[in-house]
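Asks: Residue numbers (the working numbering): 439 to 717.
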Amino acid sequence: MPELPEVETTARLIAPHITGRRVKAVDVHWERTLGGQSPRELEDGVVGARITRVWRRAKWVVIDLERRKRPAGHLLVHLRMTGRLIAKDKSLDPGPYVRVSMPLDRGVLHFIDVRKFGRFHYRADLAQVFAKLGPEPLGEDFTADWLRAALRARKRMLKPLLLDQGFVAGLGNIYVDEALHRSGLHPLRRADRVPAKAARRLHGEIQATLTEAIEREGSSFDKFYRTPEGQPGSYQHQFLVYGREDKPCRSCGRTIRKFVVGQRGTHVCTRCQPAPRSV
DNA sequence: CTATGGCCCTGGTTGC
DNA sequence: TGCAACCAGGGCCATA
439 MPELPEVETT
449 ARLIAPHITG
459 RRVKAVDVHW
469 ERTLGGQSPR
479 ELEDGVVGAR
489 ITRVWRRAKW
499 VVIDLERRKR
509 PAGHLLVHLR
519 MTGRLIAKDK
529 SLDPGPYVRV
539 SMPLDRGVLH
549 FIDVRKFGRF
559 HYRADLAQVF
569 AKLGPEPLGE
579 DFTADWLRAA
589 LRARKRMLKP
599 LLLDQGFVAG
609 LGNIYVDEAL
619 HRSGLHPLRR
629 ADRVPAKAAR
639 RLHGEIQATL
649 TEAIEREGSS
659 FDKFYRTPEG
669 QPGSYQHQFL
679 VYGREDKPCR
689 SCGRTIRKFV
699 VGQRGTHVCT
709 RCQPAPRSV
C-alpha cells in the first residue's frame, strides 16, 4: 500500500492502540519478513519492552521502545507492496496472511502481508537504516530552494529520481505521477533541465499532493490497502492521472496515456506535461 | 553517476 | 470455461 500517506495513516491510527503497551511475546510465522534477522534477535529486542511512540520516517513505521524508563531501540516496519499493521483484540483471527504477531499486555499487533515483501525487525539504533534516506518531503529540510538546487545537480529523468528514496524519502509510483502532472512536468524530463520556476512549482505540488492524501487517509483501489481500522482511504477519487489511462485529462480533456518508465507504470497527459525535446 | 534487468512473492485480471 | 501470461502501490542487488 505503501507510500508516505498510507504509512503516515498507518502510524497515526495504530499509535493510540499500542502506545504505552508492553510487549509480551513475538510470534514469527514467516521468517523472511525479518529480513535476515533471527526470530531470537527480534525477540531479545522487543519482548518485555514498553512502546513509547509510533511515528514515520520515509515509508518506515517506527515504534520506539524503552526498558526501565530508558530508550531501548526500535521496531521498524516496512509495508512494501501489501503489508498491513493492525492492532486487535487477541481473540480475533488475523487471517491466513499474518507474518508476525506481537501480543501486548493489552491486545495484539499483527503484521499482515500477502506478498511477503514487507519487513518487520528490531534495531538498536536507527542510524544505519536511515543513513541513505533523503529529506522528508513534508519536513523543514525539503524547501523549494533545496529542490531547485538538487535537481540542477542531477542528470537523471525526473520520475526515477523522485522515486529514489535517497533523493527524497517517501514518494512512490502514485504520488510521483500525480505531483508531476500537477506541476506540468513530463516524467522523462531531465532533472537538470527543469527551470527554477518549475522546480518551485514541483516542490509545492509534492507537498500539496501528500498533504491532501494524508487528509483522506491515503489511497485504496483494490482489496489491499486499508487503514488499521479496516477502512479504505479515499484519495483515489482525487487521482488526476494514476490509473486513468485512456480517460480524459480532468484539466484539458486530452486522453491520459500510460507507458513504462524504469519498469514502473507511468501516467501522463501529454498536453499538460509536454514531452522533452531530446529523450 | 546513471540505466537496466532480475529477484523476492501472491493473487487478481486479461486475453486467447 | 480453462489456463497461461501479465500486472501490481517497493526496494535491493548485480551489471554495464
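By construction, the Cβ of each residue, glycine as well, lies at the ideal position given by its N, Cα and C atoms.
Bear in mind the structure is a predicted one, so any value in this text is a computation, not a measurement.
Examine the Cβ distances between the segment 624-635 and the segment 656-673 and report whether three or more of them are shorter than 8 Å.
Replies: Judged by Cβ distances under 8 Å, the segment 624-635 makes no contact with the segment 656-673, as fewer than three pairs qualify.
Asks: Can you tell me whether Pro633 is buried or exposed? The criterion is at least 16 other CB atoms within 10 Å of its CB, across all chains shown.
Replies: Against the first sequence, residue 633 aligns to sequence position 195. Label assigned to Pro633: exposed.
Asks: Taking the CB atoms as reference points, tell me whether Ala646 and Leu585 lie closer together than 8 Å.
Replies: Position 208 of the first sequence, counted from the start, is the residue given in the question as residue 646. Position 147 of the first sequence, counted from the start, is the residue given in the question as residue 585. No, these two residues do not count as a Cβ contact at 8 Å.
Asks: Note the first and the last residue of the continuous beta strand (DSSP E) segment covering Lys696.
Replies: Here residue 696 corresponds to residue number 258 of the first sequence, with the count starting at 1. Where Lys696 is concerned, the enclosing beta strand (DSSP E) stretches over 695-699.
Asks: If distances are taken between C-alpha atoms only, which option among Arg682, Arg470, Ala629, Ala617 comes closest to Ala651?
Replies: In the first sequence, the residue the question calls residue 651 occupies position 213. Minimum Cα distance to Ala651 is reached at Ala617.
Asks: The beta strand (DSSP E) spanning Trp498 covers which residue range?
Replies: By one-based count along the first sequence, residue 498 stands at place 60. 498-505 is the extent of the beta strand (DSSP E) around Trp498.
Asks: So if DSSP puts Asp482 in a beta bridge, which residue, or which two residues, is it bridged to?
Replies: Residue mapping note: residue 482 aligns to position 44 of the first sequence, counting from 1. According to DSSP, Asp482 bridges with nothing at all.
Asks: Based on the DSSP secondary-structure assignment, which residues constitute the bridge partners of Ala525?
Replies: By one-based count along the first sequence, residue 525 stands at place 87. Paired residue(s): Leu547.
Asks: Identify the continuous alpha helix (DSSP H) that holds Tyr663 and give its terminal residues.
Replies: Residue 663 sits at position 225 when you count from the first residue of the first sequence. Here Tyr663 belongs to no alpha helix (DSSP H), and DSSP marks it neither H nor E.
Asks: What do you reckon, are the CB atoms on Ala629 and Pro573 nearer than 8 Å?
Replies: Translated into positions along the first sequence, residue 629 becomes position 191. Translated into positions along the first sequence, residue 573 becomes position 135. Contact flag unset, no.
Asks: Checking the sheet assignment: what are the DSSP bridge partners for Met540?
Replies: Locating residue 540 in the first sequence gives position 102, counting from the first residue. Met540 pairs with Leu547.
Asks: Does the segment 460-467 come within contact of the segment 530-549, defined as at least 3 CB pairs closer than 8 Å?
Replies: Yes, they touch.
Asks: Please state whether DSSP places Arg715 in a helix, a strand or coil.
Replies: Here residue 715 refers to the residue found at position 277 when the first sequence is read from its first residue. Coil, per DSSP.
Asks: From the DSSP secondary-structure annotation, give me the bridge partner or partners of Phe555.
Replies: Numbered from its first residue, the first sequence carries residue 555 at position 117. The partner list for Phe555 (beta bridge, DSSP) is empty, contrary to what the question assumes.
Asks: Alpha carbon to alpha carbon, how far is Ile612 from Pro440? Give it in angstroms, no decimals.
Replies: Here residue 440 is taken as the residue at index 2 of the first sequence, counted from 1. Here residue 612 is taken as the residue at index 174 of the first sequence, counted from 1. Each residue's alpha carbon lies about 10 Å from the other.
Asks: Nearest-angstrom Cα distance between Thr704 and Met519?
Replies: Within the first sequence, residue 704 is the residue found at index 266, counting from 1. Within the first sequence, residue 519 is the residue found at index 81, counting from 1. Roughly 17 Å between the two C-alpha positions.
Asks: Going by the beta-carbon positions, is the gap between Cys710 and His641 smaller than 8 Å?
Replies: Here residue 710 is taken as the residue at index 272 of the first sequence, counted from 1. Here residue 641 is taken as the residue at index 203 of the first sequence, counted from 1. No, the pair does not count as a contact, with Cβ atoms beyond the cut-off.
Asks: So what's Pro509 in DSSP terms, helix, strand or just coil?
Replies: Numbered from 1 along the first sequence, position 71 holds the residue referred to as residue 509. In the structure shown, Pro509 sits in a strand (DSSP, three-state: E or B).
Asks: Within 10 angstroms of the Cβ of Gly577, are there 16 or more other Cβ atoms? Answer buried if so, exposed if not.
Replies: For the purposes of this step, residue 577 is taken as the residue at position 139 of the first sequence. That one is exposed.
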